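Read through the structure below, which is laid out as structure tokens, and then see the notes.
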Amino acid sequence: MINRIPRPEFLSDYKIPETILEYPSSYIFEYADVAVLICALLLASYLTLKKRSRKYIFSLSLFSLLYFGFFREGCICPVGSIQNVTIAFSHLDYKIPVTVALFFMIPLLFSLYTGRTFCSGVCPFGAIQDLVILKPYKIPYPVAGLLSVLPYVYLAFVVYFAALGVGFYICRLDPFIPFFRMNGTFNDFIYGSCFILVGIFIARPYCRFMCPYGVLLGIFSRVSKNNVKITTDTCTNCGLCEDACPSSNIMLPSPENTKEQNFRQRKKFGLYLILIPFITVMSGFIFQSLSQNFSSIHPMIKLEKQIEFEDKNSLIKKTDESMTFRNSKITMEQLKAEIKEIVSKFRIYGFYAGAFIGLTIGLKLLGLSLVRRNDEYCPDHQDCFSCGRCFSYCPKDKTTVQKPYLL
Amino acid sequence: MKKDLVSRRNFIKKCLNTAGTGTVLGLSYALIKKSIASEYIWQIDPYKCVQCGRCSTDCVLSQSAVKCVHSFDMCGYCKLCYGYFKPGFYEMETGAENQLCPTGAIKRKFIENPFYEYTIDYDLCIGCGKCVKACSMFGNRSLYLQVSHKYCLNCNECSIMKNCPSNAYKRIRSEKAFLLKVPL
Numbered sequence: 028m029i030n031r032i033p034r035p036e037f038l039s040d041y042k043i044p045e046t047i048l049e050y051p052s053s054y055i056f057e058y059a060d061v062a063v064l065i066c067a068l069l070l071a072s073y074l075t076l077k078k079r080s081r082k083y084i085f086s087l088s089l090f091s092l093l094y095f096g097f098f099r100e101g102c103i104c105p106v107g108s109i110q111n112v113t114i115a116f117s118h119l120d121y122k123i124p125v126t127v128a129l130f131f132m133i134p135l136l137f138s139l140y141t142g143r144t145f146c147s148g149v150c151p152f153g154a155i156q157d158l159v160i161l162k163p164y165k166i167p168y169p170v171a172g173l174l175s176v177l178p179y180v181y182l183a184f185v186v187y188f189a190a191l192g193v194g195f196y197i198c199r200l201d202p203f204i205p206f207f208r209m210n211g212t213f214n215d216f217i218y219g220s221c222f223i224l225v226g227i228f229i230a231r232p233y234c235r236f237m238c239p240y241g242v243l244l245g246i247f248s249r250v251s252k253n254n255v256k257i258t259t260d261t262c263t264n265c266g267l268c269e270d271a272c273p274s275s276n277i278m279l280p281s282p283e284n285t286k287e288q289n290f291r292q293r294k295k296f297g298l299y300l301i302l303i304p305f306i307t308v309m310s311g312f313i314f315q316s317l318s319q320n321f322s323s324i325h326p327m328i329k330l331e332k333q334i335e336f337e338d339k340n341s342l343i344k345k346t347d348e349s350m351t352f353r354n355s356k357i358t359m360e361q362l363k364a365e366i367k368e369i370v371s372k373f374r375i376y377g378f379y380a381g382a383f384i385g386l387t388i389g390l391k392l393l394g395l396s397l398v399r400r401n402d403e404y405c406p407d408h409q410d411c412f413s414c415g416r417c418f419s420y421c422p423k424d425k426t427t428v429q430k431p432y433l434l
Numbered sequence: 368m369k370k371d372l373v374s375r376r377n378f379i380k381k382c383l384n385t386a387g388t389g390t391v392l393g394l395s396y397a398l399i400k401k402s403i404a405s406e407y408i409w410q411i412d413p414y415k416c417v418q419c420g421r422c423s424t425d426c427v428l429s430q431s432a433v434k435c436v437h438s439f440d441m442c443g444y445c446k447l448c449y450g451y452f453k454p455g456f457y458e459m460e461t462g463a464e465n466q467l468c469p470t471g472a473i474k475r476k477f478i479e480n481p482f483y484e485y486t487i488d489y490d491l492c493i494g495c496g497k498c499v500k501a502c503s504m505f506g507n508r509s510l511y512l513q514v515s516h517k518y519c520l521n522c523n524e525c526s527i528m529k530n531c532p533s534n535a536y537k538r539i540r541s542e543k544a545f546l547l548k549v550p551l
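Chains A and B, in that order, give the protein sequences. Start counting at 1 in the first sequence, then tack on 27, and there's your number in the numbering used here. Start counting at 1 in the second sequence, then tack on 367, and there's your number in the numbering used here.
Here it is, written out as structure tokens:
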């Protein structure tokens, strides 16, 4: 490259100025976010486990909605950081920023000791959905059971696509970010409004049927050291708390089984246990054979198809993508070789993603045959968002207020 | 019997909790080893950019964070600047109808005959790249697009990057903030 026009030689005392650049203020906010996250998590844990007050939890979630949602405008969030973690392991040239790594790890660590307090008090997505729960209806059990597999499938897909460099699908399919930024296309707002509208009647639709981070939190929360309790006193099995939970995560006392029922249950358990490896491998292979279809979403494969299409129809207007490729030094053979590599990667990762989905389905089936013996009402720690609505419904609790809170 | 059951459940729970803590700590260690202290930000590689114009339409901000940057040390200070004038206007009247920039963000200042200085008003620039295209066709390529991080929200997945036809967007470390052209 050469200068087409010779550089001027000025006769006057004009000095060539520096390039005018607007530098960013600083990245101090990223570190402040981590500090706020830790403080909010500590506070949320204190409020759900010790203070046990719905009012305070609600206030904290409002603060989080305002800070993480509207002030910081959503990026980076722990939900989206799954993808950054994925590409940190799959793309060796990407180094993950410390703040993003901390955003991913800290809520997980907290969930191992205090349950899903992140969902109740800190997550802005949870907060915005919590605000609109006005008339929650219970989803019939079989439907809810089927839908509960969705977050696992979604997690498998987003990690699959992030690892292959297709894109960050959590960010693309994020329903609430247009509201936080007050900016977005018409379709974005329609999509987000659907979630909000559904959220009036079905509590927390995103958290329950989509959130991939909730999957990880749920697994860890199930084995958590401390969890939210409906009452600190002994349960009288009155069943009032069951009405309080908008996402029907309160387990009833299990009925006494007869010997015959127990035997049947065990037989079922054994059968599913044998089936699990079979389902896992099967689903892995099914996904692998479908990976050819998924790979067409990759930008490079799209480009190849576009070029072939244009070569056949010479009258058609060429896109910017294909023109850039044609003007570059890369040959079609190089592109084809690269695509071959990508497709083989799609197949390998596809098997893992399918196996993960199969394993989830197998374990969910196994869960059906398991009867958790408990003789009182208690929250299902895996799915409970620890929002604290049940506290005030319990007549045994000393903090009971006569009038239950609307929210 | 009942007490036994509860304690067995608790024992399993404790074991799994320890295993979970181990997993999280191990993962943290692996991640921290792969991490850097600075942030990653989006920036345009000016040598890859093809000025398709999507920067002005695909940003999540209503006025794009992509701005045209002018390297004075590459500019020819032309009187007839193709980045400034619309093609076909050789009277060199600086009226709005003769300017290429749709928002009039390029300011022209007389230095000495026949040299003119051109500066960009970042508040007006929408990053459409029209001037960039003209300058790279006929001029010294001293105009080029850059993401201004004063405005950029630094989305986890840049929505312009998603649609960039030439893969010109890349993540760079925040200490540098710009990918400037090197003057010839």
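Cβ coordinates follow ideal geometry from the N, Cα and C atoms, glycine included. Only a predicted model underlies this, so the values are computations on that prediction, with no experimental measurement involved.
- Using a C-beta cut-off of 8 Å, the stretch 375-387 of chain A makes contact with the stretch 183-199 of chain A, since at least three inter-stretch Cβ pairs fall below that distance.
- At a cut-off of 8 Å between beta-carbon atoms, leucine 397(A) makes no contact with chain B.
- At a cut-off of 8 Å, the C-beta of asparagine 284(A) has no neighbouring C-beta in chain B.
- Interface residue (Cβ-Cβ distance to chain A less than 8 Å): cysteine 498(B) is not classified as such.
- In summary, the residues of the stretch 219-250 of chain A whose CB is separated from some CB of chain B by less than 9 Å are Ile246, Phe247, Arg249, Val250, in the order they occur in the chain.
- For threonine 424(B), the closest Cβ of chain A is not nearer than 8 Å.
- Residue burial annotation: alanine 501(B) is buried, with at least 16 other C-beta atoms found within 10 angstroms of its C-beta.
- At least one CB atom of chain A sits nearer than 8 Å to the CB of phenylalanine 439(B).
- For the stretch 254-273 of chain A, the set of positions with a beta-carbon nearer than 9 Å to some beta-carbon of chain B is empty.
- For glutamate 287(A), the secondary structure class from DSSP, reduced to helix, strand or coil, is helix.
- At a cut-off of 8 Å, the C-beta of serine 431(B) has no neighbouring C-beta in chain A.
- For lysine 381(B), the three-state secondary structure derived from DSSP is helix.
- For lysine 529(B), the chain A residues whose C-beta falls within less than 7 Å of its own C-beta are Gly194, listed in chain order.
- Judged by DSSP secondary structure, isoleucine 539(B) falls within the beta strand (DSSP E) whose first and last residues are 536-540.
- Scanning its chain for C-beta atoms nearer than 6 Å, with the 5 sequence neighbours on each side dropped, one finds around phenylalanine 95(A) the residues Pro151, in chain order.
- Residues of chain B with a Cβ closer than 7 Å to the Cβ of valine 112(A) are, in chain order, Leu398.
- For the pair leucine 161(A) and aspartate 488(B), the Cα-to-Cα distance works out to about 49 Å.
- When Cβ-Cβ separations below 8 Å define contact, serine 541(B) makes contact with chain A.
- Within a 10 Å sphere around the beta-carbon of leucine 447(B) sit fewer than 16 other beta-carbons, which makes this residue exposed.
- From the listed residues Ile223(A), Glu287(A), Asp402(A), Pro167(A), the smallest Cα separation to methionine 278(A) is found for Asp402(A).
- Proline 178(A) sits close to proline 239(A), with the two beta carbons spaced by under 8 Å.
- Around the C-beta of glycine 389(B), fewer than 16 other C-beta atoms lie within 10 Å, and the residue is accordingly described as exposed.
- According to the DSSP assignment, isoleucine 55(A) belongs to the alpha helix (DSSP H) that extends over 55-73.
- Under a 10 Å Cβ-count criterion, threonine 424(B) is classified as exposed, with fewer than 16 other Cβ atoms of the shown protein chains found around its own Cβ.
- In this structure, DSSP gives threonine 144(A) a helical state, which the three-state scheme calls helix.
- The residue among Leu383(B), Ser374(B), Lys434(B) with its C-alpha nearest the C-alpha of tyrosine 140(A) is Leu383(B).
- DSSP, reduced to helix, strand and coil, places leucine 244(A) within a helical segment of the structure shown.
- When Cβ pairs closer than 8 Å are counted between the two stretches, the stretch 406-419 of chain B is seen to touch the stretch 495-509 of chain B, the count reaching three or more.
- In this structure, DSSP gives serine 395(B) a helical state, which the three-state scheme calls helix.
- The C-beta of threonine 486(B) comes closer than 8 Å to at least one C-beta of chain A.
- Cβ atoms of glycine 389(A) and phenylalanine 314(A) stay farther apart than 8 Å, at about 14 Å.
- A direct Cα-Cα distance of roughly 45 Å separates serine 515(B) from histidine 408(A).
- Only residues of its own chain outside the window of five on either side were considered, and among them Ile84, Thr144, Ser147, Val255, Ser413, Gly415 have a CB closer than 7 Å to the CB of threonine 75(A), listed in chain order.
- For lysine 434(B), the enclosing beta strand (DSSP E) covers residues 433-437.
- If you compare the alpha carbons of Ser533(B), Ala397(B), Val391(B), Arg508(B) with that of isoleucine 246(A), the shortest gap goes to Val391(B).
- In the same chain as cysteine 522(B), and ignoring 5 residues on each side of it, the C-beta atoms closer than 7 Å to its own belong to Val427, in chain order.
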